[in-house]
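As structure tokens, the structure follows; a few thoughts come after it.
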């Protein structure tokens with residue numbers, strides 16, 4: 002059940018929200034969908050869900066366009082919280098579950114299981130408006146996955162959650178993937194994406210600027226990070242050819258270098274100058290890639 | 255074939271889920287329960303209005319009026335006459351002077367004081383003293399009786415017998431017969447009596463439709479706006495198609511309305527049955543529904559449903575355009591104006607159902623449910639006219655539903671502060687298949 006986006010363009014009047022986007026989202030994978038605010042992520046999700054029609058191009062899932070007769074196989078967690086504030090958690094999930102083609106008798110045990118898993122079993126009869134933002138988010142997540150979708154779209158699923166709850170939800174996402182759900186995942190937290198996604202795409206102003214498997218992206222990025230902790234001053238390293246960036250840290254410095262081979266030149270330079278406690282060559286983080294590709298304005 | 259029917263079942267299934275969710279969640283709300291209870295209490299109260307009024311007027315059941323009769327002839331016959339018409343009234347022959355009587359009225363010993371003198375030829379002349387002359391039905395009653403006595407006395411003096419006087423005073427026989435083009439008596443034209451009955455039903459219909467559009471139209475718009483502002487809409491429209499949701503909502507709220515109005519009618523019917531004897535005459539004759547033909551009832555139902563559908567579709571459209579619940583009222587205003595205009599024209603039309611103005615407006619779909627029904631009820635119009643107006647309405651509803659569904663689809667994804675007609679355009683563009 003691969004999801005194909007082919008040359009998808011969406012224009013609102015003269016504004017182009019998504020520009021010639023082609024993606025292939027493989028089955029039973031978590032696909033990271035990144036981009037600065039306003040890059041066209043939500044618009045793309047809405048097109049995948051069939052809420053908006055693409056101006057040009059086509060979207061196919063398993064070879065067929067997505068329409069309402071497939072909605073029972075799709076789960077969606079929108080970026081904005083969307084639940085009835087006055088409704089009890091139970092009624093809410095039952096209603097949304099039934100709308101995804103699940104009978105009430107199946108929703109209820111499933112709901113109990115999820116509530117237990119998220120350590121909030123006593124919220125079943127509480128109204129949404131009585132819950133904290135983080136707990137509302139858990140309910141929102143349950144509403145998106147209660148019917149065991151084959152395709153799950155998660156738009157910022159971890160916002161508003163503390164680190165413990167992020168772990169709970171993260172594990173749930175991984176389990177869903179292992180059970181055969183294809184997941185499209187958008188987040189501003191690069192470490193989450195790095196941890197979960199094997200494939201990803203970075204959007205900028207509606208265009209995909211980076212697209213592919215995470216390992217390939219990192220490799221092709223070329224630049225590496227080099228961490229050195231030493232007893233002597235390291236400022237002289239920033240003038241070395243091949244060193245792109247120099248950042249002093251408490252016990253030494255963090256360098257960004259053009260390629261792996263530069264690290265050996267750096268090693269040669271510092272040899273014999275004093276005691277070196279740490280010399281570590283690292284793959285670039287997704288954060289580095291994102292900042293460089295999507296523009297320095299990003300936090 | 256099986257694939258198709260399976261899909262249909264699936265579609266209908268979601269339709270029912272949304273419909274029943276709408277119905278149950280509305281019927282369970284406090285506001286629904288409270289308004290229904292208040293309205294039912296009001297109906298029961300109105301039906302028992304006579305008993306309630308008696309409860310309060312217990313002390314004043316006998317109103318005493320002091321009479322000082324200088325003629326010495328009027329008092330007895332006046333008292334006899336009044337005893338027949340005004341049971342709660344008793345006349346007391348006052349022993350004292352006029353000034354003392356006025357003081358007694360001032361001290362509330364008597365409700366009022368009547369001073370009767372005679373002019374020449376024994377014709378009575380009276381003065382009525384009371385603390386509240388404005389709202390005193392007794393005064394008119396006494397005046398009327400004195401008037402009759404005056405006529406009798408005057409007639410007697412010129413030698414006319416009592417029987418002749420009554421004949422003179424009885425109202426003239428005045429028959430109204432409607433003729434058709436060939437001069438024959440036209441049996442289909444409605445008599446004044448039938449007209450009154452039809453008018454009663456039209457009144458009921460006008461108020462019900464007015465009430466339904468205002469209440470339930472608002473309910474739909476609010477519901478949609480609520481789902482939009484709580485953003486649950488985005489999940490809903492990814493689960494079921496907007497068109498399905500819109501109509502499930504419209505019909506769900508219609509069922510809420512039927513439940514409410516049905517309860518009112520049921521209670522009203524029980525009350526009417528219980529009070530059948532008390533309620534004859536007066537206003538209930540005017541609203542008499544017992545002789546209204548079955549076809550009129552069918553028309554009432556048809557026009558009510560069509561009218562509701564038309565306005566409900568508009569309301570759903572409006573609800574999908576706003577992003578905050580507070581903005582609903584602002585956009586509902588044009589719809590409310592439409593129904594008020596229809597109501598006003600209908601009120602005018604009740605007294606002039608034949609006028610060209612009413613005829614023309616009865617074809618405008620927004621006014622049809624009130625005005626065409628008014629014409630059907632009060633005039634004999636050919637079937638094609640009613641049929642035509644129904645066809646126009648159905649087509650209008652269909653077109654509005656198409657536009658509404660697209661606006662709903664686009665509008666639910668539109669979040670912004672503005673609430674203007676520009677939004678309609680934008681919403682349609684958002685949902686455009688390109």
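Chains as they are written, first to last, in the working numbering: chain A, 2 to 300; chain B, 255 to 688.
All residues carry an ideal CB built from backbone N, CA and C; glycine is no exception.
Please read all numbers here as calculations on a predicted model, not as lab measurements.
Straight-line Cα distance separating residue j from residue i
i             : j             : result
residue 72/A  : residue 492/B : 7 Å
residue 81/A  : residue 485/B : 7 Å
residue 410/B : residue 378/B : 14 Å
residue 318/B : residue 346/B : 7 Å
residue 374/B : residue 426/B : 32 Å
residue 537/B : residue 431/B : Bear in mind that a pLDDT of 46 at residue 537/B, under 50, signals an unreliable position, so the model cannot answer this.
residue 167/A : residue 190/A : 11 Å
residue 275/B : residue 147/A : 19 Å
residue 173/A : residue 161/A : 17 Å
residue 735/B : residue 194/A : Coverage of chain B is limited to positions 255 through 688, which leaves residue 735/B absent and any answer about it impossible.
residue 112/A : residue 61/A  : 31 Å
residue 354/B : residue 595/B : 59 Å
residue 251/B : residue 627/B : The structure shown does not extend to residue 251/B, since chain B is modelled only from 255 to 688, so the question has no answer here.
residue 285/A : residue 108/A : 44 Å
residue 565/B : residue 550/B : 22 Å
residue 501/B : residue 52/A  : 18 Å
residue 514/B : residue 636/B : 34 Å
residue 40/A  : residue 649/B : 43 Å
residue 287/A : residue 157/A : 17 Å
residue 307/B : residue 456/B : 29 Å
residue 267/B : residue 641/B : 34 Å
Residue i and residue j closer than 7 Å at C-beta
i             : j             : result
residue 58/A  : residue 10/A  : yes
residue 278/B : residue 510/B : no
residue 599/B : residue 622/B : no
residue 496/B : residue 662/B : yes
residue 197/A : residue 75/A  : no
residue 225/A : residue 270/A : no
residue 93/A  : residue 84/A  : yes
residue 664/B : residue 571/B : no
residue 323/B : residue 370/B : yes
residue 115/A : residue 143/A : yes
residue 458/B : residue 297/B : no
residue 42/A  : residue 187/A : yes
residue 597/B : residue 464/B : yes
residue 340/B : residue 395/B : yes
residue 232/A : residue 273/A : no
Limits of the beta strand (DSSP E) - the one that residue i falls within
i             : result
residue 156/A : 152-156
residue 508/B : Note, residue 508/B: premise wrong, no beta strand (DSSP E); alpha helix (DSSP H) at 496-528.
residue 163/A : First-last for residue 163/A: undefined, no H or E at that position.
residue 248/A : 244-250
residue 367/B : 366-372
residue 261/A : Taken as a continuous stretch (DSSP letters only), residue 261/A belongs to no beta strand (DSSP E), being part of the alpha helix (DSSP H) at 261-271.
residue 21/A  : 16-26
residue 331/B : Here residue 331/B belongs to no beta strand (DSSP E); instead the alpha helix (DSSP H) covers 328-339.
residue 698/B : Here chain B comprises residues numbered 255 to 688, so residue 698/B is not present and cannot be evaluated.
residue 419/B : Premise fails: residue 419/B lies in the alpha helix (DSSP H), 416-423, not in any beta strand (DSSP E).
residue 6/A   : 4-13
Span of the alpha helix (DSSP H), counted from its first residue to its last, around residue i
i             : result
residue 393/B : 391-411
residue 558/B : 548-575
residue 629/B : 622-632
residue 1/A   : Given that chain A is displayed from residue 2 to residue 300, the structure contains no residue 1/A and the question cannot be resolved.
Nearest-angstrom Cβ-Cβ length linking residue i and residue j, presumed shorter than 8 Å
i             : j             : result
residue 471/B : residue 569/B : 4 Å
residue 218/A : residue 290/A : 7 Å
residue 87/A  : residue 128/A : 6 Å
residue 20/A  : residue 207/A : 4 Å
residue 468/B : residue 590/B : 7 Å
residue 78/A  : residue 201/A : Not confirmed; about 18 Å, so no contact.
residue 170/A : residue 159/A : 6 Å
residue 585/B : residue 575/B : 6 Å
residue 384/B : residue 359/B : 7 Å
Distance cut-off 6 Å: residue i Cβ against heavy atoms of the ligand ADP
i             : result
residue 157/A : The ligand content of the structure shown is nil, which means the ligand ADP is not present either.
Requested in this report: Just list the beta strand (DSSP E) runs in the stretch 35-97 of chain A, keeping only unbroken ones of 3 residues or longer that don't cross its boundaries, in chain order.
Outcome: The stretch 35-97 of chain A contains these whole beta strand (DSSP E) runs: 57-62, 75-78.
Requested in this report: May I have a chain-ordered list of the beta strand (DSSP E) segments no shorter than 3 residues that lie completely inside the stretch 182-254 of chain A?
Outcome: Unbroken beta strand (DSSP E) stretches of 3 residues or longer found wholly inside the stretch 182-254 of chain A: 183-187, 200-205, 208-214, 225-231, 244-250, given in chain order.
Query raised in the report: Counting only runs that start and end within the stretch 88-146 of chain A, where is the alpha helix (DSSP H) found for 4 or more residues in a row?
Result: Complete alpha helix (DSSP H) runs here, min 4: 90-100, 105-118, 134-146.
Query raised in the report: Taking only runs of the alpha helix (DSSP H) that begin and end inside the stretch 264-318 of chain B, which ones reach a length of at least 4 residues, in chain order?
Result: Scanning the stretch 264-318 of chain B from its first residue to its last, the whole alpha helix (DSSP H) runs of 4-plus residues come out as 284-301, 303-310.
**Report entry** Residues of the stretch 83-96 of chain A with Cβ closer than 7 Å to any Cβ of chain C, in chain order
**Finding:** Structure shown: chain C not included; protein chains present are A and B.
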